[in-house]
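Residue numbers (full-length UniProt numbering): 1 to 294.
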């Protein structure tokens, strides 16, 4: 490693959900594109976060060792064994059962350290104080929701507790699950990155909300009947999009075809309903889209 390069000074958390069998990492740093460096994970195997003059080989090598059956502690020992710059490294390892091991080199810039919790490990360097890592761990353990939501909540509270002493620049969320990727063809359930932004965690939250909007299926109990005020709104919005020439008293085939065209062109395939109902989140999106008059 060329020490003229900036260290990947950051705080990160690895978490595991034993119910959904998801492994994930959330990370924030005063570093460009931290998501391309720190998080590594494989469904059914575990996760690795590598930072502080990050040795990115730790990611794939660590996962390979976990897949061979080595424990997180054994993996950590093996990774640093032949690394001449191990005193500058910081990383954490989690196995398929949520067991963890972490390492903070003696020469990592203060404040630097790590703490493990139930199904999680939190670590950071060049932090304002130890409270950042405490907030990561405690928030994750005490929070509810999906793994992705809990990881971002932990990041948010860690930033409130002080965060990276140099400021903010990038953040990332990486969550894996068997067949969790688009179409079920890979394990990348979430791979969201904010590479350069004045408020990267807030922007990461926004991306997670968009991901849910585009790729999650609607709750049947929340669907709205397309009639009365909803029908009026839908037709008004479709006319502003240039997809409907006139309005009707009922949700007829012409309105349905126009609405389906809108859903498909906006990539809301997962939320389309063949019935006479509409997903409320898509309707809200339509109303809030720039250029709409209502």
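Glycine is no exception: its CB is placed at the ideal position from the N, C-alpha and C atoms.
Put residue i into one of helix, strand or coil per three-state DSSP.
| i | result |
| --- | --- |
| residue 20 | coil |
| residue 142 | helix |
| residue 72 | helix |
| residue 129 | coil |
| residue 169 | coil |
| residue 106 | coil |
| residue 38 | coil |
| residue 11 | strand |
| residue 112 | coil |
What do you reckon, are the CB atoms on residue i and residue j nearer than 8 Å?
| i | j | result |
| --- | --- | --- |
| residue 178 | residue 64 | no |
| residue 176 | residue 41 | yes |
| residue 73 | residue 90 | no |
| residue 47 | residue 23 | yes |
| residue 140 | residue 13 | yes |
| residue 30 | residue 164 | yes |
| residue 28 | residue 10 | yes |
| residue 128 | residue 114 | no |
To the nearest angstrom, report how far apart residue i and residue j are at their CA atoms.
| i | j | result |
| --- | --- | --- |
| residue 125 | residue 214 | 35 Å |
| residue 226 | residue 182 | 29 Å |
| residue 26 | residue 161 | 16 Å |
| residue 218 | residue 152 | 22 Å |
| residue 53 | residue 86 | 9 Å |
| residue 231 | residue 211 | 26 Å |
| residue 244 | residue 233 | 12 Å |
| residue 278 | residue 223 | 6 Å |
| residue 270 | residue 79 | 42 Å |
| residue 188 | residue 246 | 43 Å |
If distances are taken between C-alpha atoms only, which option among the options comes closest to residue i?
| i | options | result |
| --- | --- | --- |
| residue 290 | 278, 280, 249, 241 | 241 |
| residue 200 | 13, 34, 21 | 34 |
| residue 20 | 107, 230, 257, 146 | 146 |
| residue 205 | 170, 221, 223 | 170 |
| residue 111 | 119, 100, 88, 117 | 88 |
| residue 143 | 11, 16, 287, 272 | 16 |
| residue 96 | 120, 220, 58 | 120 |
Any beta strand (DSSP E) of 3 or more consecutive residues that is wholly inside the region 41-91 = 46-51
Run through the region 142-212 for me and flag every whole alpha helix (DSSP H) of 4 or more residues, listed as ranges in chain order.
-> 147-160
Could I get the ranges of all uninterrupted alpha helix (DSSP H) runs contained in the region 224-280, with 4 residues as the minimum, in chain order?
-> 228-240, 253-265
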